[in-house]
Amino acid sequence: MELLREDIGEIGVIRCLHDRLDAVVAVQFKDRFRELTDEATQHYVLDMSQVQFLDSSGLGAVVAVYKFIGRERRFCIAGLTPAVGRVFKLTRMDSVFTIYDSMDAMLAAETSVAEQYRAS
Amino acid sequence: MMMDGLKMSGANGRKYRPDAIALRFAATSSDVRSSMILVRNLLGVMDLADDDIGKVELVLAEALNNVVEHACVDRADHLVFLELSQDAGRLECRICDPGRPMPYTLLPEGKAPDPDVALDDLPEGGFGWMLIHELSEEVKYQRIGDENHLILSIPVGIGADRVQH
Numbered sequence: 076m077e078l079l080r081e082d083i084g085e086i087g088v089i090r091c092l093h094d095r096l097d098a099v100v101a102v103q104f105k106d107r108f109r110e111l112t113d114e115a116t117q118h119y120v121l122d123m124s125q126v127q128f129l130d131s132s133g134l135g136a137v138v139a140v141y142k143f144i145g146r147e148r149r150f151c152i153a154g155l156t157p158a159v160g161r162v163f164k165l166t167r168m169d170s171v172f173t174i175y176d177s178m179d180a181m182l183a184a185e186t187s188v189a190e191q192y193r194a195s
Numbered sequence: 002m003m004m005d006g007l008k009m010s011g012a013n014g015r016k017y018r019p020d021a022i023a024l025r026f027a028a029t030s031s032d033v034r035s036s037m038i039l040v041r042n043l044l045g046v047m048d049l050a051d052d053d054i055g056k057v058e059l060v061l062a063e064a065l066n067n068v069v070e071h072a073c074v075d076r077a078d079h080l081v082f083l084e085l086s087q088d089a090g091r092l093e094c095r096i097c098d099p100g101r102p103m104p105y106t107l108l109p110e111g112k113a114p115d116p117d118v119a120l121d122d123l124p125e126g127g128f129g130w131m132l133i134h135e136l137s138e139e140v141k142y143q144r145i146g147d148e149n150h151l152i153l154s155i156p157v158g159i160g161a162d163r164v165q166h
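What follows is the structure in structure tokens.
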């Protein structure tokens, strides 16, 4: 499972380099995501702009990593392609996550949030 | 991946644009994935629009994941048959497998899990049938002999470039 962590300031950006997040890789995705996190980072973004296909197993894995990050830390998603966005919308999980269309939109909105997290 | 019996037919006089495709593959998640990549390419050849290809791919992947995870669980020797044909704004799909029948031999209704719950209670599954029902016009299930037959009718448009060929 190709996941890559690239921090931007205080934000831990985890990029999914796989074009399919499906039943085949769902468990590896969860494990690899956990490996890439650490105790100190309070703010994570999952960059899904490379993902062209998401099924219900993949969606379940995204929900699982959100739970893992937990309520005390911040988690959001950036870059949903149309097919991936449809899965979030049909399942109404788009109401559960903070989702940005692009990494640029995420940075514009979340950088100030990141500063608040650092200050608190 | 094992794949046999790939068959394409076209009634439109162009051998490179099939109206129907059929394939058979092992009941494993990796074969389902390989089949979906193949089907995605073939649907493009059938002139389906990208958006429709995405819908069909999702519905089929959900239905086939259920076959692998429930009907044919731990039976990599089981073969799944998938047949697709395009007809008047719909893609008719048939999935046959020799696995266990659906519970009570009934089609699951696909009730959506509730997303309005506390973080720890968020659903991590149970979306599959809901997505299948949501994107299909018709979903039928039959147990015929020792086989499950799932018949799906998915509304699709015709690619914008079709008339220009």
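Keeping their order, the protein sequence lines are chains A and B. For what it's worth, our numbering labels the leading residue of the first sequence as 76, then goes sequentially. For what it's worth, our numbering labels the leading residue of the second sequence as 2, then goes sequentially. Every residue, glycine too, gets a C-beta built ideally from N, C-alpha and C.
Residue i at chain A interface by Cβ criterion, 8 angstroms
{"i": "B:Leu44", "result": "no"}
{"i": "B:Met131", "result": "yes"}
{"i": "B:Asn149", "result": "no"}
{"i": "B:Glu139", "result": "no"}
{"i": "B:Met2", "result": "For B:Met2, the predicted structure reports a pLDDT of 49, less than 50, and the residue's modelled location is therefore unreliable. A value from the coordinates is still provided. No, no contact with chain A."}
{"i": "B:Gly126", "result": "yes"}
{"i": "B:Gly55", "result": "yes"}
{"i": "B:Ala72", "result": "no"}
{"i": "B:Pro116", "result": "yes"}
{"i": "B:Val157", "result": "no"}
{"i": "B:Leu123", "result": "yes"}
{"i": "B:Glu110", "result": "no"}
{"i": "B:Leu176", "result": "In the structure as shown, chain B begins at 2 and stops at 166. Residue 176 of chain B is therefore absent and cannot be evaluated."}
Which of helix, strand or coil DSSP assigns to residue i
{"i": "B:Asp51", "result": "helix"}
{"i": "B:Gly45", "result": "helix"}
{"i": "B:Ser154", "result": "strand"}
{"i": "B:Lys141", "result": "strand"}
{"i": "B:Arg25", "result": "strand"}
{"i": "A:Leu96", "result": "strand"}
{"i": "B:Arg18", "result": "coil"}
{"i": "B:Gly100", "result": "coil"}
{"i": "A:Glu190", "result": "helix"}
{"i": "B:Arg34", "result": "helix"}
{"i": "B:Glu63", "result": "helix"}
{"i": "B:Glu148", "result": "strand"}
{"i": "A:Glu81", "result": "strand"}
Rounded distance between the beta-carbons of residue j and residue i, thought under 8 angstroms
{"i": "B:Asp98", "j": "B:Ala72", "result": "5 angstroms"}
{"i": "A:Ala136", "j": "A:Ala101", "result": "4 angstroms"}
{"i": "A:Met178", "j": "A:Ser132", "result": "About 25 angstroms; that fails the 8 angstroms criterion."}
{"i": "B:Glu58", "j": "B:Val40", "result": "7 angstroms"}
{"i": "B:Glu125", "j": "A:Ala183", "result": "With a Cβ gap of about 31 angstroms, B:Glu125 and A:Ala183 do not count as contacting."}
{"i": "B:Ala21", "j": "B:Leu85", "result": "7 angstroms"}
{"i": "A:Leu78", "j": "A:Leu96", "result": "Actually they do not touch by this definition, with Cβ atoms about 10 angstroms apart."}
Proximity winner among the options, relative to residue i (alpha-carbon distances)
{"i": "A:Ile86", "options": "A:Gln103, A:Cys151 and A:Glu77", "result": "A:Cys151"}
{"i": "B:Leu80", "options": "B:Ala119, B:Leu59, B:Ile96 and B:Gly45", "result": "B:Ile96"}
{"i": "B:Arg101", "options": "B:Lys112, B:Leu120, B:Ile145 and B:Glu139", "result": "B:Ile145"}
{"i": "B:Trp130", "options": "B:Val68, B:Val157 and B:Leu83", "result": "B:Val68"}
{"i": "B:Leu107", "options": "B:Asn149, B:Ser154 and B:Phe82", "result": "B:Asn149"}
{"i": "B:His134", "options": "B:Ala77, B:Lys56 and B:Ala119", "result": "B:Lys56"}
{"i": "B:Leu120", "options": "A:Phe172, A:Gln103 and A:Lys105", "result": "A:Phe172"}
{"i": "A:Glu185", "options": "A:Tyr119, A:Asp130, A:Asp169 and A:Val126", "result": "A:Tyr119"}
{"i": "B:Lys112", "options": "A:Val126, A:Arg167, A:Tyr175 and A:Gln127", "result": "A:Arg167"}
{"i": "A:Lys164", "options": "B:Val157, B:Glu138, B:Phe128 and B:Val118", "result": "B:Phe128"}
{"i": "A:Tyr175", "options": "A:Glu114, A:Gln127, A:Leu121 and A:Gly84", "result": "A:Leu121"}
{"i": "B:Met37", "options": "A:Lys105, A:Thr112, A:Thr116 and A:Ala98", "result": "A:Ala98"}
{"i": "B:Val74", "options": "B:Phe26, B:Ser30 and B:Leu61", "result": "B:Ser30"}
{"i": "B:Glu110", "options": "B:Ile155, B:Leu132, B:Asp78 and B:Asn66", "result": "B:Leu132"}
{"i": "A:Leu129", "options": "A:Leu79, A:Thr156 and A:Ile89", "result": "A:Thr156"}
{"i": "A:Arg146", "options": "B:Val157, B:Asp53, B:Asp122 and B:Leu49", "result": "B:Asp122"}
{"i": "B:Pro19", "options": "B:Val60, B:Arg76 and B:Gln87", "result": "B:Gln87"}
{"i": "A:Glu114", "options": "A:Ile83, A:Ser187, A:Arg90 and A:Arg149", "result": "A:Arg149"}
{"i": "B:Val118", "options": "A:Ser170, A:Phe108 and A:Glu110", "result": "A:Ser170"}
Any chain B beta carbon closer than 8 angstroms to residue i
{"i": "A:Arg167", "result": "yes"}
{"i": "A:Lys142", "result": "yes"}
{"i": "A:Phe104", "result": "no"}
{"i": "A:Asp176", "result": "no"}
{"i": "A:Asp97", "result": "yes"}
{"i": "A:Arg148", "result": "no"}
{"i": "A:Ala180", "result": "no"}
{"i": "A:Ser44", "result": "Lying outside 76 to 195, the shown extent of chain A, residue 44 of chain A is not represented and no answer is given."}
{"i": "A:Arg80", "result": "no"}
{"i": "A:Ser120", "result": "It is worth fixing the name first, because residue 120 of chain A is Val in this sequence and not Ser. By this cut-off, A:Val120 is not an interface position."}
{"i": "A:Leu92", "result": "no"}
Length at least 4, wholly inside the stretch 102-187 of chain A: the alpha helix (DSSP H) runs in chain order: 131-144 and 157-165
Please give me, in chain order, every unbroken run of the beta strand (DSSP E) with length at least 3 that falls completely inside the stretch 74-136 of chain B. 80-88 and 91-98
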